[in-house]
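For the record, in the sequence shown the residue sitting at position 5 is 5 according to UniProt numbering, with numbers rising by one throughout.
Yeah, the Cβ is synthetic: ideal placement off N, Cα and C, and Gly gets one too.
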Amino acid sequence: MKTLFLSVCLIILYVQLSSAQTTAPAVTEQEIITLSKEKWRWMSEKKVDTLAALFHEKAMFVHMGGSMNRDQELNVIKSGGIHYKQADIHDVSVQFIGQTAILLNRITLLAVVGGNEVTNPFVVTEVYIRQGDVWKLGSMSFTRLLTR
Numbered sequence: 001m002k003t004l005f006l007s008v009c010l011i012i013l014y015v016q017l018s019s020a021q022t023t024a025p026a027v028t029e030q031e032i033i034t035l036s037k038e039k040w041r042w043m044s045e046k047k048v049d050t051l052a053a054l055f056h057e058k059a060m061f062v063h064m065g066g067s068m069n070r071d072q073e074l075n076v077i078k079s080g081g082i083h084y085k086q087a088d089i090h091d092v093s094v095q096f097i098g099q100t101a102i103l104l105n106r107i108t109l110l111a112v113v114g115g116n117e118v119t120n121p122f123v124v125t126e127v128y129i130r131q132g133d134v135w136k137l138g139s140m141s142f143t144r145l146l147t148r
């Protein structure tokens with residue numbers, strides 16, 4: 001009887017631990033997806049102070065025309081050199097490596113670049129690093145797709 005009781009307790013404990021481990025990543029995945037969507041909104045609204053808090057101090061940004069560091073990206077948003085008007089998100093996926101989240105978005109981006117309104121299909125790679133309880137954007141790269 002003691003063996004049966006102990007076995008049942010161990011099975012219950014195993015099931016609880018297993019379910020806790022499978023639900024935790026889904027919550028974190030949704031947290032990253034939500035943060036990314038908010039980032040697109042902040043970029044379209046030119047919320048440079050909010051973006052400055054999100055962007056890691058060593059963040060790098062890769063565009064079709066070159067790369068920028070954190071301050072350059074913030075300045076180009078603030079000045080209107082690039083106005084991210086609207087990002088229509090079609091697909092999103094998230095993978096975790098330790099305290100790093102890699103998010104891929106397939107988007108259609110409507111932007112104003114150098115005074116010209118352009119629409120381009122991209123896969124955007126966003127790399128987030130967890131520092132304590134906060135996620136920081138460490139890198140964002142735009143890869144233009146050949147088809148829409």
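Please work out which residues of its chain come closer than 6 Å, Cβ to Cβ, to residue i, disregarding the five sequence neighbours upstream and downstream, and give them in chain order.
i	result
L110	K85, Q86 and T119
M140	F61 and E126
R106	H90, D91 and V123
I102	Q95 and V127
W40	A87
F142	H63, F122 and V124
T100	I129
T50	W42
T108	D88 and P121
Taking DSSP as the reference, what is the three-state secondary structure of residue i?
i	result
T143	strand
Just tell me which of the options has its CA closest to the CA of residue i.
i	options	result
L137	G80, N69 and M64	N69
N116	L104, G98, R130 and G81	G81
L74	G65, D88, E57 and I89	E57
T147	F122, T100, F96 and T50	F122
V112	S44, T28 and R144	S44
G114	Q95, G65 and L145	G65
L54	T143, F142, L145 and R130	R130
G132	Q30, W42, G98 and K46	G98
T28	D71, W135 and K46	W135
What does a CB cutoff of less than 8 Å around residue i pick up in its chain, not counting 5 residues either side in sequence?
i	result
V67	The question names Val, but residue 67 in the sequence shown is Ser. The answer, listed in chain order, is M60 and F61.
V48	L74, I77 and K78
S93	L103 and L104
I33	V92, V94 and L103
R144	M64, N120, P121 and F122
Q72	F61
K37	I89
State yes or no: is the C-beta of residue i nearer than 8 Å to some heavy atom of the ligand MN?
i	result
S93	Among the components of this structure there are no ligands whatsoever, and the ligand MN is therefore not found.
In chain order, what residues of the same chain have a beta carbon less than 7 Å from the beta carbon of residue i, not counting five sequence neighbours either side?
i	result
A52	L74
Notebook entry, point to check: Counting only runs that start and end within the region 32–101, where is the beta strand (DSSP E) found for 3 or more residues in a row?
Noted result: 55–63, 66–69 and 82–97
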